[in-house]
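Enquirer: One structure, as structure tokens, below. Some questions next.
Protein chains: 2
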Amino acid sequence: MSNIRHALSVKRSDDFAQWYQEVISAADLAEESGVRGCMVIKPWGYGIWERIQRLLDDRIKETGHDNCYFPIFIPLSNFEREAEHVDGFAKEMAVVTHHRLVANGKGELVPDPAAKLEEPLVVRPTSETIIGDAMARWIQSWRDLPLLTNQWANVVRWEMRTRMFLRTSEFLWQEGHTAHADATEAKEHTLRMLEVYRACAEEDLAMPVIAGEKPENERFPGAVETWSIEAMMQDGKALQAGTSHYLGTNFSQAAGIKFQSQEGKEELCHTTSWGVSTRMIGGVIMTHGDDDGLRVPPTIAPRQVIILPMLRGKDGDDDLIAYCEDVRAQIAQQSALGEKVRVLLDTKPGKAAAKRWDYVRKGAPIIIEVGGRDMENGVVSMLRRDALWAENGKPDFHTPLKNDIAAEIPQLLEDIQKTLFTQAAERRDANLTRDIDTLDGLADFFNADVKHPGWVEVQWSKPTGSELEAVVEKLKELKLTIRNVPMDSPAVDRACIFTGKPAVERIFVARAY
Amino acid sequence: MSNIRHALSVKRSDDFAQWYQEVISAADLAEESGVRGCMVIKPWGYGIWERIQRLLDDRIKETGHDNCYFPIFIPLSNFEREAEHVDGFAKEMAVVTHHRLVANGKGELVPDPAAKLEEPLVVRPTSETIIGDAMARWIQSWRDLPLLTNQWANVVRWEMRTRMFLRTSEFLWQEGHTAHADATEAKEHTLRMLEVYRACAEEDLAMPVIAGEKPENERFPGAVETWSIEAMMQDGKALQAGTSHYLGTNFSQAAGIKFQSQEGKEELCHTTSWGVSTRMIGGVIMTHGDDDGLRVPPTIAPRQVIILPMLRGKDGDDDLIAYCEDVRAQIAQQSALGEKVRVLLDTKPGKAAAKRWDYVRKGAPIIIEVGGRDMENGVVSMLRRDALWAENGKPDFHTPLKNDIAAEIPQLLEDIQKTLFTQAAERRDANLTRDIDTLDGLADFFNADVKHPGWVEVQWSKPTGSELEAVVEKLKELKLTIRNVPMDSPAVDRACIFTGKPAVERIFVARAY
Numbered sequence: 001m002s003n004i005r006h007a008l009s010v011k012r013s014d015d016f017a018q019w020y021q022e023v024i025s026a027a028d029l030a031e032e033s034g035v036r037g038c039m040v041i042k043p044w045g046y047g048i049w050e051r052i053q054r055l056l057d058d059r060i061k062e063t064g065h066d067n068c069y070f071p072i073f074i075p076l077s078n079f080e081r082e083a084e085h086v087d088g089f090a091k092e093m094a095v096v097t098h099h100r101l102v103a104n105g106k107g108e109l110v111p112d113p114a115a116k117l118e119e120p121l122v123v124r125p126t127s128e129t130i131i132g133d134a135m136a137r138w139i140q141s142w143r144d145l146p147l148l149t150n151q152w153a154n155v156v157r158w159e160m161r162t163r164m165f166l167r168t169s170e171f172l173w174q175e176g177h178t179a180h181a182d183a184t185e186a187k188e189h190t191l192r193m194l195e196v197y198r199a200c201a202e203e204d205l206a207m208p209v210i211a212g213e214k215p216e217n218e219r220f221p222g223a224v225e226t227w228s229i230e231a232m233m234q235d236g237k238a239l240q241a242g243t244s245h246y247l248g249t250n251f252s253q254a255a256g257i258k259f260q261s262q263e264g265k266e267e268l269c270h271t272t273s274w275g276v277s278t279r280m281i282g283g284v285i286m287t288h289g290d291d292d293g294l295r296v297p298p299t300i301a302p303r304q305v306i307i308l309p310m311l312r313g314k315d316g317d318d319d320l321i322a323y324c325e326d327v328r329a330q331i332a333q334q335s336a337l338g339e340k341v342r343v344l345l346d347t348k349p350g351k352a353a354a355k356r357w358d359y360v361r362k363g364a365p366i367i368i369e370v371g372g373r374d375m376e377n378g379v380v381s382m383l384r385r386d387a388l389w390a391e392n393g394k395p396d397f398h399t400p401l402k403n404d405i406a407a408e409i410p411q412l413l414e415d416i417q418k419t420l421f422t423q424a425a426e427r428r429d430a431n432l433t434r435d436i437d438t439l440d441g442l443a444d445f446f447n448a449d450v451k452h453p454g455w456v457e458v459q460w461s462k463p464t465g466s467e468l469e470a471v472v473e474k475l476k477e478l479k480l481t482i483r484n485v486p487m488d489s490p491a492v493d494r495a496c497i498f499t500g501k502p503a504v505e506r507i508f509v510a511r512a513y
Numbered sequence: 001m002s003n004i005r006h007a008l009s010v011k012r013s014d015d016f017a018q019w020y021q022e023v024i025s026a027a028d029l030a031e032e033s034g035v036r037g038c039m040v041i042k043p044w045g046y047g048i049w050e051r052i053q054r055l056l057d058d059r060i061k062e063t064g065h066d067n068c069y070f071p072i073f074i075p076l077s078n079f080e081r082e083a084e085h086v087d088g089f090a091k092e093m094a095v096v097t098h099h100r101l102v103a104n105g106k107g108e109l110v111p112d113p114a115a116k117l118e119e120p121l122v123v124r125p126t127s128e129t130i131i132g133d134a135m136a137r138w139i140q141s142w143r144d145l146p147l148l149t150n151q152w153a154n155v156v157r158w159e160m161r162t163r164m165f166l167r168t169s170e171f172l173w174q175e176g177h178t179a180h181a182d183a184t185e186a187k188e189h190t191l192r193m194l195e196v197y198r199a200c201a202e203e204d205l206a207m208p209v210i211a212g213e214k215p216e217n218e219r220f221p222g223a224v225e226t227w228s229i230e231a232m233m234q235d236g237k238a239l240q241a242g243t244s245h246y247l248g249t250n251f252s253q254a255a256g257i258k259f260q261s262q263e264g265k266e267e268l269c270h271t272t273s274w275g276v277s278t279r280m281i282g283g284v285i286m287t288h289g290d291d292d293g294l295r296v297p298p299t300i301a302p303r304q305v306i307i308l309p310m311l312r313g314k315d316g317d318d319d320l321i322a323y324c325e326d327v328r329a330q331i332a333q334q335s336a337l338g339e340k341v342r343v344l345l346d347t348k349p350g351k352a353a354a355k356r357w358d359y360v361r362k363g364a365p366i367i368i369e370v371g372g373r374d375m376e377n378g379v380v381s382m383l384r385r386d387a388l389w390a391e392n393g394k395p396d397f398h399t400p401l402k403n404d405i406a407a408e409i410p411q412l413l414e415d416i417q418k419t420l421f422t423q424a425a426e427r428r429d430a431n432l433t434r435d436i437d438t439l440d441g442l443a444d445f446f447n448a449d450v451k452h453p454g455w456v457e458v459q460w461s462k463p464t465g466s467e468l469e470a471v472v473e474k475l476k477e478l479k480l481t482i483r484n485v486p487m488d489s490p491a492v493d494r495a496c497i498f499t500g501k502p503a504v505e506r507i508f509v510a511r512a513y
């Protein structure tokens with residue numbers, strides 16, 4: 001099928017990073033804003049985020065959480081309380097120092113020296129400390145536990161090198177924060193929310209992930225345990241798509257989150273936090289995109305079916321629009337993947353072929369085109385975005401009867417959702433390597449002239465402290481990081497490839513975003 | 001009914017401001033965060049906001065808008081472009097000057113002098129200028145118009161005196177921004193969105209409003225026309241609950257939002273912007289609250305029906321819960337006000353009577369209590385929040401049959417929604433005064449020892465410039481402001497009460513939040 005003329009100018013196999021940028025632009029997902037490190041999320045990109053939000057919010061509420069909203073500003077002194085948390089975050093935060101601008105007499109505005117804040121405020125990079133303050137107010141007795149909260153918010157981390165969706169100074173996310181009476185319950189909850197993320201990634205985003213615990217050096221600042229879901233992108237790199245942290249009593253100690261137990265004793269709460277962000281959209285692009293643009297899984301597609309009448313600016317247009325409207329109305333009555341089908345009849349000015357390619361690049365799951373001849377024959381011309389090209393290198397149009405198409409849509413959408421997941425899972429599994437058991441072998445594997453080496457699972461002795469630092473340093477030379485310790489792995493049966501000691505668990509190492 | 005023991009300690013008639021604070025606390029809507037001027041919105045308050053968001057978002061999408069997301073940071077120089085806009089906003093904004101904290105060697109963190117921003121960034125107080133930049137990029141030809149965008153976001157305006165929901169430094173809102181080919185279309189759109197706000201306020205929030213144009217002195221900084229919806233609170237004061245602005249070409253000029261017309265000429269777009277915020281919740285409180293707490297209109301109630309089993313920590317509890325669960329399941333299958341009924345079975349520990357009063361204060365529309373005797377008799381005990389007290393001064397419980405209650409719920413909820421609106425509209429109408437035709441008369445009216453004088457409609461000659469300033473100053477002495485020029489008013493037939501000239505329109509003057 002080499003005679004295909006793809007819709008993008010860059011192929012994944014030629015320059016994956018460049019391809020990623022082109023998808024974002026060609027699918028009209030987002031753009032640079034002109035404000036350092038901040039992007040504008042455009043309607044199709046934001047529409048995908050709204051879908052992810054709604055589905056994940058339902059899952060979060062089903063597990064007993066209420067949404068709240070906490071201040072965007074955090075007093076600087078809050079960050080001084082939890083030592084590791086400071087080290088982890090103090091380096092890259094937006095600091096508000098003034099509350100007024102004033103004209104400087106040269107036609108410019110400057111921060112008003114008379115309006116300097118006594119204590120600078122930090123734009124939240126994450127909300128453990130400010131929510132911890134609230135928890136300390138809200139929790140008195142064991143009856144108040146568990147306290148299960150969540151918020152949808154923007155956060156800011158000043159990043160030196162930014163990349164749309166993957167690493168931006170401002171991003172959108174949800175952050176869940178919970179307090180529990182003991183470690184067992186808090187750890188269970190940490191894993192419960194990790195499972196929510198796994199389900200959201202795999203079922204909603206059709207993005208297969210590996211869930212597991214992060215090694216000590218990759219823990220969230222202040223956490224006792226950090227767990228993640230990791231997805232493999234089409235270039236074989238790993239994307240950390242969500243994290244869930246068991247924070248022990250570190251933040252409770254710092255903020256005074258205490259409760260009176262059933263036995264009447266004052267005890268510290270055990271807390272958790274967990275978040276996923278607009279980074280997920282970067283994962284969707286690099287999991288499902290192809291050389292024609294994005295392919296959006298139907299479950300998170302803002303519109304699942306697009307109908308394009310081939311308008312000619314002539315008399316027949318009204319009939320054509322009426323015909324298409326009839327198709328639209330029939331499809332809108334269908335349900336698929338547990339919800340009403342989201343269908344759009346697009347009658348905006350523009351050539352039908354140009355509009356078709358716009359929606360191909362956007363990755364709308366099903367595109368229906370209707371021209372005068374289709375109308376005469378009582379059919380529609382339909383494209384599946386996940387099976388765009390026919391053997392002959394042309395778009396693979398099918399022409400179901402107009403009166404049949406609506407009934408076929410639910411099955412088609414469910415099939416596309418499944419196909420996208422299966423393709424990604426098969427590609428991921430084909431790029432997991434498990435038979436390397438020496439450090440040299442690992443180096444050879446990643447130094448070989450292979451474009452997308454994927455991930456390697458090795459066994460290790462779980463070193464800590466300086467011994468772990470040495471491992472991290474060695475991996476860094478190979479541009480590798482430890483992703484996580486996959487859950488439900490088979491028992492270990494080898495020596496640690498770093499220390500030679502008996503292995504205690506398996507880890508994935510990979511290049512990563 | 002003077003023997004009623006109300007659920008709040010402060011009555012509206014005794015101290016309205018204090019009552020307002022008590023409702024917020026007693027209904028567990030929000031609390032001070034400890035961060036200056038920023039509040040924490042708690043689950044029941046945020047749940048109301050989520051309902052408003054979803055309903056208004058549907059209305060905004062129905063009128064053709066797409067949601068986007070724009071950066072929270074706006075370069076300072078953006079504010080220098082539109083002169084009036086600077087004057088209006090430059091005074092009270094959070095200014096980010098540094099992007100890193102550093103330890104000062106005394107165990108404290110300070111803004112890192114090495115990380116001072118070249119150009120300070122302002123935390124958005126509103127987004128006309130940054131969205132204007134995007135519009136200038138997005139719009140080339142008449143085919144790109146109208147451009148209809150909206151965003152849900154947090155904004156910050158540094159307020160000296162804050163009040164929860166009504167005036168906070170950070171608040172949540174939606175801001176719509178549109179660009180059009182000409183003034184006529186842009187003005188039509190300004191009014192279309194005002195009508196969306198009217199419908200949302202009256203139909204969803206059951207809060208009657210008067211829609212009209214603001215006078216020149218109350219215009220949004222940079223606007224050509226500002227329209228508002230104004231609601232009357234129970235103390236007779238006005239609350240501006242939403243505004244819609246026709247911005248002319250002011251922001252287009254500043255940001256270069258131009259298009260090529262069908263005739264091939266380069267022209268400036270005419271833009272609009274419009275917003276409503278979490279302030280709406282303050283309006284709901286002061287419209288529907290009573291001496292027992294909040295009363296939430298069913299359409300925006302996070303939970304419309306609460307079921308409280310009177311648990312005794314004994315053997316019979318399981319049967320009681322099963323009985324209640326059956327009621328819950330039957331109610332959950334009902335639809336009311338166009339959606340599935342939102343019902344909660346609350347089995348948390350705590351005495352049933354205490355929990356009942358919690359939900360009374362929260363304003364859940366229907367509270368169902370079930371005790372052992374109810375179960376024996378095959379009934380439930382039901383309270384309507386809008387008709388809480390019986391003639392004898394006791395809670396007015398009704399005891400419908402268990403198997404009848406579910407079918408009755410939709411009608412009850414619709415009736416409560418209607419009742420709340422009708423009560424508010426009747427109270428509002430009873431407090432509109434229209435027979436004052438001199439300034440002295442106006443002064444006497446508002447200086448009289450009347451607790452809640454309400455609003456007065458007068459006729460005026462629509463003075464401008466210094467003549468208007470004199471009017472505004474006079475009104476200020478009476479603590480009055482001009483609210484708006486109500487739409488669809490009868491023709492004028494008197495002299496202007498300020499200037500003595502023939503009147504050209506009617507205006508409402510009132511004390512306001």
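From first to last, the protein sequence lines stand for chains A and B.
Per the numbering used here, the first sequence runs over residues 1 to 513.
Per the numbering used here, the second sequence runs over residues 1 to 513.
The beta carbon of each residue, even a glycine, is placed where N, CA and C say it ideally should be.
1) Can you tell which of B:Val110, B:Asp291, B:Ile24 has the C-alpha that lies nearest to the C-alpha of Ser9 of chain B?
2) Please name the residue in A:Leu205, A:Glu108, A:Pro215, A:Thr422 whose C-alpha comes closest to that of Thr481 of chain A.
3) Is Arg143 of chain A close to chain B, meaning its C-beta is less than 8 Å from at least one C-beta of that chain?
4) Less than 7 Å between C-beta atoms, sequence neighbours within five positions excluded: which residues of the same chain meet that for Glu92 of chain A?
5) Please give me, in chain order, every unbroken run of the beta strand (DSSP E) with length at least 3 that falls completely inside the segment 351-380 of chain B.
6) So which residues on chain B does Asn104 of chain A lean against when the C-beta distance must stay under 9 Å?
7) For chain B, find out if any of its Cβ atoms is closer than 8 Å to the Cβ of Leu480 of chain A; answer yes or no.
8) Report all residues from its chain with a CB closer than 7 Å to the CB of Leu345 of chain A; omit the five preceding and five following residues, and keep chain order.
9) So Trp455 of chain A and Val509 of chain A are in contact, right, with Cβ under 8 Å, and what is the actual spacing, rounded?
10) Could you name the residues of chain B that Pro75 of chain A contacts, counting a contact when the two beta carbons are closer than 8 Å?
11) With a Cβ-Cβ cutoff of 8 Å, do Gln140 of chain B and Tyr69 of chain B count as a contact?
12) Just reading off the beta strand (DSSP E) that Arg494 of chain B is part of, what are its end residues?
13) For Pro75 of chain A, which beta-bridge partners are listed by DSSP?
14) Please list the segments of the beta strand (DSSP E) lying wholly inside the segment 452-482 of chain A, counting only runs of 3 or more residues, in order along the chain.
15) Would you kindly work out how many angstroms separate the C-alpha atoms of Asp28 of chain B and Met382 of chain A, rounded to a whole number?
16) Can you look up His288 of chain A in the DSSP assignment and give me helix, strand or coil?
17) Name the chain B residues that come within less than 9 Å of Trp158 of chain A, Cβ to Cβ?
18) In chain B, which residues lie less than 8 Å from Asp133 of chain A when you measure between Cβ atoms?
19) When you compare the segment 430-439 of chain B with the segment 298-316 of chain B, are there three or more beta-carbon pairs, one atom per stretch, that lie closer than 8 Å?
20) Can you tell me which of the three DSSP states Gln174 of chain B falls into?
21) Please state if the CB of Leu247 of chain A and the CB of Ser273 of chain A are separated by a distance shorter than 8 Å.
22) Bridge partners for Asn217 of chain B per DSSP, in chain order?
23) Going along the chain, which residues of the segment 49-71 of chain B sit with their C-beta nearer than 7 Å to a C-beta in chain A?
24) For chain A, check one thing: does any of its Cβ atoms lie closer than 8 Å to the Cβ of Tyr246 of chain B?
25) At the level of alpha carbons, what is the spacing between His65 of chain B and Pro302 of chain A?
26) Kindly say whether Ile139 of chain A, judged by its beta-carbon, lies nearer than 8 Å to any beta-carbon of chain B.
27) By how many angstroms is the C-alpha of Val155 of chain A removed from the C-alpha of Cys38 of chain A?
28) Counting only beta-carbon separations shorter than 8 Å, does Leu109 of chain B have a partner in chain A?
Expert: If we stick to the structure as given:
1) Translated into the one-based positions of the second sequence, residue 9 of chain B becomes position 9. Answer by Cα proximity: B:Asp291.
2) Your numbering for residue 481 of chain A matches position 481 in the first sequence. Considering only alpha carbons, the answer is A:Pro215.
3) Position 143 of the first sequence, counted from the start, is the residue given in the question as residue 143 of chain A. Yes, Arg143 of chain A counts as interfacial toward chain B.
4) As a working mapping, residue 92 of chain A is identified with position 92 in the first sequence. Excluding positions up to five away in sequence, the list reads Arg157, Trp158, Glu159.
5) 366-370
6) Along the first sequence, read from residue 1 onward, the residue named residue 104 of chain A stands at position 104. Within 9 Å Cβ-Cβ: nothing; Asn104 of chain A doesn't reach chain B, min ~11 Å.
7) Looking up residue 480 of chain A in the first sequence gives position 480. Not an interface residue.
8) Within the first sequence, numbered from 1, the residue matching residue 345 of chain A stands at position 345. These residues qualify, in order along the chain: Ile307, Cys324, Glu325, Arg328.
9) In the first sequence, counting from the first residue as 1, residue 455 of chain A sits at position 455. In the first sequence, counting from the first residue as 1, residue 509 of chain A sits at position 509. Indeed they touch by this definition, with Cβ atoms about 7 Å apart.
10) The residue you call residue 75 of chain A lines up with position 75 of the first sequence. Under the 8 Å cutoff, chain B gives Gly34, Val35.
11) Start at 1 with the first residue of the second sequence, and residue 140 of chain B comes out as number 140. Start at 1 with the first residue of the second sequence, and residue 69 of chain B comes out as number 69. Contact: no.
12) Locating residue 494 of chain B in the second sequence gives position 494, counting from the first residue. Element bounds for Arg494 of chain B: n/a, residue is neither H nor E.
13) Stepping through the first sequence from its first residue, residue 75 of chain A is reached at position 75. Answer is A:Leu121.
14) 455-460
15) Taking the second sequence and counting its residues from 1, the one referred to as residue 28 of chain B is at position 28. Taking the first sequence and counting its residues from 1, the one referred to as residue 382 of chain A is at position 382. Distance between the alpha carbons of Asp28 of chain B and Met382 of chain A is about 53 Å.
16) Here residue 288 of chain A corresponds to residue number 288 of the first sequence, with the count starting at 1. In this structure, His288 of chain A counts as helix in the three-state DSSP scheme.
17) In the first sequence, the residue the question calls residue 158 of chain A occupies position 158. Those within 9 Å of Trp158 of chain A in chain B are His99, Arg100, Ala115.
18) Taking the first residue of the first sequence as 1, we reach residue 133 of chain A at position 133. Ordered by position in chain B, the residues that pass the 8 Å Cβ test against Asp133 of chain A are Ser33, Gly34.
19) no
20) Start at 1 with the first residue of the second sequence, and residue 174 of chain B comes out as number 174. If DSSP states are grouped into helix, strand and coil, Gln174 of chain B belongs with the strands.
21) In the first sequence, counting from the first residue as 1, residue 273 of chain A sits at position 273. In the first sequence, counting from the first residue as 1, residue 247 of chain A sits at position 247. The answer is yes: Cβ separation under 8 Å.
22) Your numbering for residue 217 of chain B matches position 217 in the second sequence. In the DSSP output, where bridge partners are listed per residue, Asn217 of chain B has none listed.
23) Glu50, Asp66, Asn67, Cys68, Tyr69, Phe70, Pro71
24) Within the second sequence, residue 246 of chain B is the residue found at index 246, counting from 1. Closer than 8 Å: no.
25) What you label residue 65 of chain B is simply residue 65 of the second sequence in a count that begins at 1. What you label residue 302 of chain A is simply residue 302 of the first sequence in a count that begins at 1. Their Cα atoms are separated by approximately 14 Å.
26) On the first sequence, position 139 is the one that residue 139 of chain A refers to. False, the Cβ-Cβ gap to chain B never drops below 8 Å.
27) On the first sequence, residue 38 of chain A is found 38 positions in, with the first residue counted as 1. On the first sequence, residue 155 of chain A is found 155 positions in, with the first residue counted as 1. Distance between the alpha carbons of Cys38 of chain A and Val155 of chain A: 11 Å.
28) In the second sequence, counting from the first residue as 1, residue 109 of chain B sits at position 109. Yes, its Cβ sits closer than 8 Å to a Cβ of chain A.
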